[in-house]
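Heads up, the sequence shown is in this note's numbering, so the first residue is 1 and it goes up one at a time. Structure first, then comments.
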Amino acid sequence: MKFSHYFRPFSVFLLLACATSGGIAQNSITKPIRVKKPDNIILFIGDGMGVTQVYAGFTKNQGQLNLMKFTSLGFSLTYSASDYITDSGAGGTAISTGNKTYNGAIGVDRAGVPSKTILEFAEEKGLSTGLVSTSSITHATPASFIAHEKFRDDYEAIAADFLDTDIDVFIGGGRNNFTARKDKRNLVQELRDKGYQVIYSMDSVTGIQKGKLAGLVVPEHAPSMLQGRGDMLTQASVTAINILNKNRKGFFLMVEGSQIDWGGHANNTDFVVEEMIDLDKAIGKAMEFAEKDRNTLVIVTADHETGGMAILDGDYQKGTVTAKFGTTDHTGVMVPVFAWGPGAELFQGIQENTDIFKKMMLLLELNPEPPVQQ
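Here is the structure:
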């Protein structure tokens, strides 16, 4: 049983958790507070998800979202080291490594030097780790948690980086980056040689209950919800959680709802809201697990907002939303941070996106700070 860990408090110095290097957001709290330590963290990233996307999904779903059950709420500043408006590579890298970097970077700092990710820190401590995405698993956001490349479009190099890690579970698209490569490497065979079960369909993925799993379920990106993707994200998330939870030391899992962003780029309200509701279903399953487990922190945030979406009208009873968009690109607005479970209170307030990494590291005790003198 893990419940003894849930009730073991430890002190966190919030100034240490929130201090930034050259950043804007500063937390002035210096009094130590006591928080409970999670054994597991499930981090959801809604790519392109701002507060408008959340509320549009809430309206479309007739006033129901699992996200509305979260009680610890904050905001994240998303600017990158190179631009006021970030891309997903820099945004994902800020959350995965705690470093602001240039747009287009994957797991490297602004000088192009590899930065260790929270997934890699977790592996070193013996935690199980996983990635789930509705895009290619080599796309910018999931890639930023496992790869170290100077350019986000170098998908084959990113795929090869998976072989340099001990990640336990990854499920998404991008099979071609492992199988139809210019360098003729057979990464699927290399994964199998390392003990991975390499699976090509979601029906088969859901039957896997233990061991290392590489779920390369589509050649490139999964279809959108409007195109009939179905429950892939929820099924993949549940499968990953069930496998990772077999490690008594705990786990770290990142789940990306990739295509909220694509709906914003397309200025398509229906696209956005269906992807938002789909992500929320997966969040609901994670919350169900966390409620039973009592040792799991669930965090939901975004790398940036996409589309400058504005709601002009809506009807909860009919589930209709009328919206307009200000751009077909990303915007620079703050994005929400939701947290639920032990340690959730650390994520309240306005924070740098890099602070999300620092707080997760503290809570999982991956780089414990010296004890605070009381």
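Don't be surprised by glycine CBs; every beta carbon is placed ideally from N, CA and C.
(message) For a quick check, are the C-beta atoms of Phe271 and Gly263 less than 9 Å apart?
(response) Contact flag set, yes.
(request) Return the first residue and the last residue of the beta strand (DSSP E) that Gln197 is part of. (result) Here the beta strand (DSSP E) through Gln197 covers Tyr196 to Ile199.
(request) Could you tell me the distance, in whole angstroms, from the CA atom of Phe145 to the CA atom of Lys116? (result) Approximately 9 Å, taken between the alpha carbons.
(message) For Ala157, tell me which candidate among Asn186, Gly172 and Val132 has the shortest Cα-Cα distance.
(response) When each option's Cα is compared against that of Ala157, the closest is Asn186.
(request) Counting only runs of 4+ residues fully inside the stretch 160-245, write out the alpha helix (DSSP H) ranges in chain order. (result) Within the stretch 160-245, the complete alpha helix (DSSP H) segments at least 4 residues long are 176-179, 187-193, 202-205 and 232-244, listed from N- to C-terminus.
(request) Give a yes or no on whether the C-beta atoms belonging to Thr52 and Ala310 are separated by under 9 Å. (result) Yes, the Cβ-Cβ distance between Thr52 and Ala310 is below 9 Å.
(message) Is it the case that the stretch 227-235 contacts the stretch 57-70, given that we only count it when at least three CB pairs across the two stretches are under 8 Å?
(response) Contact fails between the stretch 57-70 and the stretch 227-235, because fewer than three Cβ pairs, one in each stretch, are under 8 Å apart.
(request) Quick one: using the 10 Å Cβ neighbour count with 16 as the cut-off for buried, is Asn353 buried or exposed? (result) Classification of Asn353: buried, given that the 10 Å Cβ count is 16 or more.
(message) Short of 7 Å in beta carbon distance, which residues of its chain neighbour Lys150, apart from the five on each side in sequence? Order them along the chain.
(response) Hits under 7 Å: Ala105, Val108 and Gly112.
(request) Assign Gly264 to one of three DSSP states: helix, strand, or coil. (result) DSSP, reduced to helix, strand and coil, places Gly264 within a helical segment of the structure shown.
(request) Report back the beta-carbon spacing between Ser237 and Val218 to the nearest angstrom; my notes put them in contact at under 8 Å. (result) So it is not a contact: roughly 16 Å between Cβ atoms.
(message) DSSP has Ala54 in a bridge; who is on the other side?
(response) Here residue 54 is Val; the residue named in the question, Ala, does not match the sequence. Beta-bridge annotation (DSSP): Val54 is not paired with any residue.
(request) Tell me, to the nearest whole angstrom, how far the beta carbon of Ala282 is from that of Met49; I am working on the premise that it is less than 8 Å. (result) Contact between Ala282 and Met49 fails: their C-beta atoms lie close to 13 Å from each other, not under 8 Å.
(message) Among Lys358, Glu365 and Ser135, whose alpha-carbon lies nearest the alpha-carbon of Asn99?
(response) The residue with the shortest Cα to Cα distance from Asn99 is Lys358.
(request) Grab the span of the beta strand (DSSP E) containing Thr129 for me, first residue to last. (result) DSSP places Thr129 inside the beta strand (DSSP E), whose first and last residues are Ser128 to Ser136.
(message) Measuring only the C-alpha atoms, how far is Lys324 from Ile45?
(response) Between the alpha carbons of Lys324 and Ile45 lies a distance of about 23 Å.
(message) One question on the structure: do Thr134 and Gly173 come within less than 9 Å of each other, judged by their Cβ atoms?
(response) A contact, by the Cβ cut-off of 9 Å.
(request) Give the DSSP bridge partners of Val113, in chain order. (result) Per DSSP, none; premise fails for Val113.
(request) Check whether the Cβ atoms of Ile171 and Leu127 lie closer than 9 Å to each other. (result) In this structure, Leu127 does not lie closer than 9 Å to Ile171 by Cβ.
(message) Please report the straight-line C-alpha distance between Asn367 and Thr165, rounded to a whole angstrom.
(response) Roughly 19 Å between the two C-alpha positions.
(request) Confirm, please, whether the CB-CB distance from Ile42 to Ile260 is below 9 Å. (result) Annotated as distal: Ile260 and Ile42, with beta-carbon spacing of 9 Å or more.
(request) Would you kindly work out how many angstroms separate the C-alpha atoms of Gln197 and Ser96, rounded to a whole number? (result) Those two C-alpha atoms are separated by around 26 Å.
(message) Can you tell me whether Ala180 is buried or exposed? The criterion is at least 16 other CB atoms within 10 Å of its CB, across all chains shown.
(response) Exposed: under 16 other Cβ atoms inside 10 Å.
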